[in-house]
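Please read the structure below before turning to the comments.
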Amino acid sequence: MLRRFCMAIVLTLSPLFSTIGQQAPATGQRVGDFVLNDFRGNAVALHDYQEAKVVVLAVLGTECPLAKLYGPRLQELDDRFGSEVAFIGINANTQDSVTEIAAYARRHKIAFPILKDLGNKIVDELGAVRTPEIFVLDFKRRIRYQGRIDDQYSVGVIRGFAKREFLADAVNALLAGRNPRRSYMEPVGCHIGRVRIPIADSKVTYSNQVSRILQKRCVSCHRDGEIAPFALIDYDDVVGWAEMIAEVVADQRMPPWHATQNHLKFMNDRTMSGEEKKLIYGWVANGAPEGDRSMLPPPLSFPVADWDLPKKPDAAFNIQNTPFKVKSQGEVKYQWFTVNPGFTEDKWIRAVEIIPGNPAVVHHVLAFIQLPGETQLRGSRGYLAGFVPGLRADSFPDGMAKRLPVGAKLV
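Each residue of the sequence shown is one higher than the one before, starting from 24 at the first, in this note's numbering.
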């Protein structure tokens, strides 16, 4: 949902680390009985499902984007297969509390149990690496399939539907008395937030260096109410994401920045420096130590007012008066909205702010000026402003402005 489109307008005259549990696929390995508590405090054992022909162990996390997308899918499969197949969720993330696990289950309407694996003992025995990651067990509780659920969602990929259903295919094969066609598909998602043993005398710590890097490069998006899937405000938030942070920095997926570094220097460049990356990698390699809390920087403050502009805007417009409903699964095509500002004279725009109604789901917004009589946009020549996570207000340098002719519309 896009809540409103707001403008301030004035007239002017001018793989770097080894992962615990990362090993060869465990296909054929028998899983021994285990007992863990669910988020309600009830003890749940593997042998409680001894009548089930197939057991699906789903390693999950509450904040991983792919685990969020696949939560409803797992419940759909649980409903489809019925009593012959038992689904059990396992959460080993040190950053996920039982309260957060309960909220995850409630939000995604998950009825099967989700168990808390304190100390990541069970996921270590399974050899699990990521969330979500699936283990399909046959009647003898041997692992017959390990890996992805299907191919609908991946890192940076959302398809309208799955072309290959790896989990469902494996379960159907076992129920029919056949060997699954695939025994392993490399999982995609977030690293499990395992309990770590930090090096006590590490020169790089969260309190001294890493917290400052995150404040500078990440926290504008990774905080409550913004589009990033989890917060990186304090050590308890960050430590469970240590390996994932190192991975996305090494892959140059985060912080998001798409311009090349070859010829130009941008004032708003978000990329980490080589020294910052080195500190992140060293911190993770040393077990992500917290360090001396007295060395923490002051917490950042963010605007709590409606506007992130230097002054109250001269004009504000709703993109549309009724909310746009975002479906829970699949992809959403580009949505086009037209706003008639109704000005009776030309205006010079010095600053623009676009505020999404729900920052958790709005990825970006682009606003263009459509001149009177035009039926098509003029591309970059008609570009006015945009919204991306971490950037709301777009102020132009002193002495510069963009002209909005009378009769023009905003698209």
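Don't be surprised by glycine CBs; every beta carbon is placed ideally from N, CA and C.
On a predicted model such as this, the values are computed, not experimentally measured, just so you know.
Taking only the alpha-carbon atoms, compute the straight-line gap between residue i and residue j and give it to the nearest angstrom.
{"i": "Ala308", "j": "Ala193", "result": "36 Å"}
{"i": "Pro379", "j": "Glu209", "result": "35 Å"}
{"i": "Asp331", "j": "Glu376", "result": "7 Å"}
{"i": "Pro88", "j": "Val385", "result": "14 Å"}
{"i": "Asp93", "j": "Arg205", "result": "One point to set straight first is that residue 93 is Tyr, not Asp, in the sequence displayed. Going from the Cα of Tyr93 to the Cα of Arg205 covers about 20 Å."}
{"i": "Leu427", "j": "Arg373", "result": "11 Å"}
{"i": "Leu414", "j": "Val242", "result": "12 Å"}
{"i": "Arg316", "j": "Arg240", "result": "20 Å"}
{"i": "Ile137", "j": "Leu198", "result": "24 Å"}
{"i": "Tyr176", "j": "Ala134", "result": "22 Å"}
{"i": "Phe62", "j": "His70", "result": "19 Å"}
{"i": "Phe57", "j": "Ala109", "result": "15 Å"}
{"i": "Ile181", "j": "Asp224", "result": "43 Å"}
{"i": "Phe189", "j": "Val227", "result": "42 Å"}
{"i": "Phe104", "j": "Asp161", "result": "14 Å"}
{"i": "Asn344", "j": "Lys91", "result": "29 Å"}
{"i": "Met30", "j": "Phe325", "result": "In this predicted model, Met30 has a pLDDT of only 44, less than 50, meaning its place in the structure is not dependable enough to derive any value."}
Please go through the same chain and pick out, in chain order, the residues whose beta-carbon is closer than 6 Å to the beta-carbon of residue i, but skip the five residues on each side of it.
{"i": "Asp174", "result": "Ala185, Lys186, Arg187"}
{"i": "Leu452", "result": "Since the displayed the chain opens at 24 and closes at 434, residue 452 lies outside it and no answer follows."}
{"i": "Asn363", "result": "Lys432"}
{"i": "Gly405", "result": "Phe391, Ile392"}
{"i": "Thr361", "result": "Lys432, Val434"}
{"i": "Ser41", "result": "A caution first: Ser41 carries a pLDDT of 42, below 50, which makes its placement in the model too unreliable to give a value."}
{"i": "Phe419", "result": "Arg373"}
Report yes if the C-beta distance between residue i and residue j is below 9 Å; otherwise report no.
{"i": "Val233", "j": "Trp306", "result": "yes"}
{"i": "Ile124", "j": "Leu59", "result": "no"}
{"i": "Val411", "j": "His387", "result": "yes"}
{"i": "Val79", "j": "Arg164", "result": "no"}
{"i": "Glu156", "j": "Val82", "result": "yes"}
{"i": "Pro382", "j": "Val429", "result": "no"}
{"i": "Glu313", "j": "Tyr229", "result": "yes"}
{"i": "Asn439", "j": "Ile220", "result": "In the structure as shown, the chain starts at 24 and stops at 434, and residue 439 therefore has no counterpart that could be examined."}
{"i": "Ala49", "j": "Phe158", "result": "yes"}
{"i": "Asp417", "j": "Ala408", "result": "yes"}
{"i": "Gln52", "j": "Glu86", "result": "no"}
{"i": "Arg11", "j": "Pro320", "result": "Any property of residue 11 remains undetermined from this structure, which presents the chain solely from 24 to 434."}
{"i": "Lys300", "j": "Ala273", "result": "yes"}
{"i": "Pro322", "j": "Met295", "result": "no"}
{"i": "Ile268", "j": "Ile303", "result": "yes"}
Based on DSSP bridge pairs, tell me the residues matched to residue i.
{"i": "Ser418", "result": "Ala374"}
{"i": "Ser393", "result": "Residue identity check: residue 393 is Gln in the sequence provided, not Ser. Bridge partners of Gln393: Lys432."}
{"i": "Tyr176", "result": "Ile181"}
{"i": "Thr154", "result": "Cys213"}
{"i": "Met208", "result": "Gly170"}
{"i": "Tyr406", "result": "Phe391"}
{"i": "Gly112", "result": "Ala81, Ile137"}
{"i": "Leu237", "result": "In the DSSP output, where bridge partners are listed per residue, Leu237 has none listed."}
{"i": "Asn60", "result": "Ala66, Lys139"}
{"i": "Val355", "result": "The partner list for Val355 (beta bridge, DSSP) is empty, contrary to what the question assumes."}
Among the residues of its own chain, which have a CB less than 8 Å from the CB of residue i, if the five just before and after it don't count?
{"i": "Ser120", "result": "none"}
{"i": "Ala282", "result": "Phe289, Asp292"}
{"i": "Pro203", "result": "Val159, Arg167, Tyr168, Asp192, Ala193, Ala196, Leu197"}
{"i": "Asp259", "result": "Gln118"}
For residue i, which residues from the same chain have a beta carbon less than 7 Å from its beta carbon, with the 5 sequence-adjacent residues on both sides left out?
{"i": "Ala245", "result": "Checking the displayed sequence, the identity of residue 245 turns out to be His instead of Ala. Contacts found: Ala251, Phe253, Ala254, Leu255."}
{"i": "Asn143", "result": "Ala115, Ile215, Arg217, Val218"}
{"i": "Asp247", "result": "Ala254"}
{"i": "Gln358", "result": "Phe347"}
{"i": "Lys139", "result": "Leu59, Asn60, Phe62, Asn114, Val121, Ile124"}
Discussion item. Does the structure place the stretch 328-344 close enough to the stretch 246-261 that three or more beta carbon pairs sit under 8 Å?
Written reply: no
Worksheet item: Counting pairs of beta carbons, one from the stretch 152-159 and one from the stretch 196-211, are three or more of them closer than 8 Å?
Response: yes
Worksheet item: Do three or more CB pairs link the stretch 160-177 to the stretch 119-135 at distances below 8 Å?
Response: no
Worksheet item: Using 8 Å as the Cβ pair cut-off and three pairs as the minimum, do the stretch 398-407 and the stretch 358-367 touch?
Response: no
Practice prompt. Answer yes if the stretch 91-102 comes into contact with the stretch 61-70, meaning at least three C-beta pairs across the two stretches below 8 Å, and no otherwise.
Written response: no
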